[in-house]
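Residue numbers (my numbering): 61 to 273.
The beta-carbon is built from N, C-alpha and C at its ideal position, and this holds for glycine as well.
It should be emphasised that the depicted structure is a prediction, and the values quoted were computed from it without experimental measurement.
What follows is a single structure, written as structure tokens, with notes after it.
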């Protein structure tokens, strides 16, 4: 079994004080080819990830090919839920990590962990995640917030990620690992955000509130 890269024997969990969220090519044109998960579900998860970053003061970078490309604009869920998100556009490179300005932008956050989701799991996500690991980052790939054409495509992507030590993770786990503790600032906002992508969490929400909602 592959060992998570760059953790130096530490448990591979998200440190909300030392992480940056990166959305790669989450663009309207790119998502038109997505089969799994469904686009509405995918957008909901991206919105939840963006919101938890905003509530927890985590830097966000949304990168995309130029606005007039076939891939279209970045979906609005990111800026709507994380107004502080930095938008980065690149033109010539096929893969964003080949853009030196982008690499420097990520470096300038001063964070050693990256939580990443891509419009295409096998291209946008895998390439950026692999390159980030090789640059020394601890990388978490949010697979259920990244689009795929088939389950086989997703399975192949997971194998490639694990081979180099990227940590596969789901959106709900990201939200919980960022929150960590109960009785924190914005606790109910965090609970509400979690139940937006995990309807079963409604039961815990009701228990916390002591009422139905």
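Could you check where the beta strand (DSSP E) with residue 239 kicks off and where it finishes? For the purposes of this step, residue 239 is taken as the residue at position 179 of the chain shown. Annotation for residue 239: no beta strand (DSSP E) segment contains it, though the alpha helix (DSSP H) segment containing it runs 231-239.
Assuming residue 91 contacts residue 102 (C-beta within less than 8 Å), just tell me the rounded distance between them. Residue 91 sits at position 31 when you count from the first residue of the chain shown. Residue 102 sits at position 42 when you count from the first residue of the chain shown. Their Cβ separation, rounded to whole angstroms, is 7 Å, which keeps residue 91 and residue 102 in contact under 8 Å.
Validate contact between the segment 64-72 and the segment 148-162 using beta carbons, cut 8 Å, 3 pairs: Judged by Cβ distances under 8 Å, the segment 64-72 makes no contact with the segment 148-162, as fewer than three pairs qualify.
Could you tell me which residues DSSP pairs with residue 228 in its beta bridges? Taking the chain shown and counting its residues from 1, the one referred to as residue 228 is at position 168. DSSP lists 201 as partners of residue 228.
Tell whether a beta-carbon distance below 8 Å holds between residue 226 and residue 199. On the chain shown, residue 226 is found 166 positions in, with the first residue counted as 1. On the chain shown, residue 199 is found 139 positions in, with the first residue counted as 1. Contact flag set, yes.
Secondary structure of residue 189, DSSP reduced to three states: Against the chain shown, residue 189 aligns to sequence position 129. Looking at residue 189 - three-state DSSP - the assignment turns out to be helix.
Indicate the three-state DSSP secondary structure (helix, strand or coil) for residue 173 in the structure shown. Position 113 of the chain shown, counted from the start, is the residue given in the question as residue 173. Note: residue 173 maps to strand in three-state DSSP.
Host beta strand (DSSP E) of residue 147 (start-end): Within the chain shown, numbered from 1, the residue matching residue 147 stands at position 87. Going by DSSP, residue 147 is part of the beta strand (DSSP E) stretching over 146-150.
Taking only the alpha-carbon atoms, compute the straight-line gap between residue 70 and residue 254 and give it to the nearest angstrom. Residue mapping note: residue 70 aligns to position 10 of the chain shown, counting from 1. Residue mapping note: residue 254 aligns to position 194 of the chain shown, counting from 1. Between residue 70 and residue 254, the C-alpha separation is close to 26 Å.
Under the DSSP definition of a beta bridge, which residues are partnered with residue 90? Numbered from its first residue, the chain shown carries residue 90 at position 30. Bridge partners of residue 90 according to DSSP: none are assigned.
Do the CB positions of residue 249 and residue 105 come within less than 8 Å of each other? As a first step, residue 249 must be located in the chain shown, where it is residue number 189. As a first step, residue 105 must be located in the chain shown, where it is residue number 45. It is not a contact, given that the beta carbons lie outside the stated cut-off.
So, under 8 Å CB-CB, residue 87 and residue 207 are touching, yes? Tell me the CB distance rounded to an integer number of Å. Along the chain shown, read from residue 1 onward, the residue named residue 87 stands at position 27. Along the chain shown, read from residue 1 onward, the residue named residue 207 stands at position 147. Approximately 10 Å separates the beta-carbon atoms of residue 87 and residue 207; this is outside 8 Å, ruling out the contact.
Cβ-Cβ separation, residue 78 to residue 167 (assumed contact under 8 Å), whole Å: Locating residue 167 in the chain shown gives position 107, where the first residue counts as 1. Locating residue 78 in the chain shown gives position 18, where the first residue counts as 1. With a beta-carbon spacing of about 14 Å, residue 167 and residue 78 fall beyond the 8 Å limit used to define contacts.
Rounded C-alpha distance that separates residue 257 from residue 195: The residue given as residue 257 occupies position 197 in the chain shown. The residue given as residue 195 occupies position 135 in the chain shown. Those two C-alpha atoms are separated by around 32 Å.
On the premise that residue 121 lies in contact with residue 165, defined as a C-beta separation below 8 Å, what is that separation, rounded to the nearest angstrom? The count along the chain shown starts at 1 and reaches residue 165 at position 105. The count along the chain shown starts at 1 and reaches residue 121 at position 61. Taking the Cβ atoms as the reference, residue 165 lies roughly 6 Å from residue 121, within the contact range of under 8 Å.
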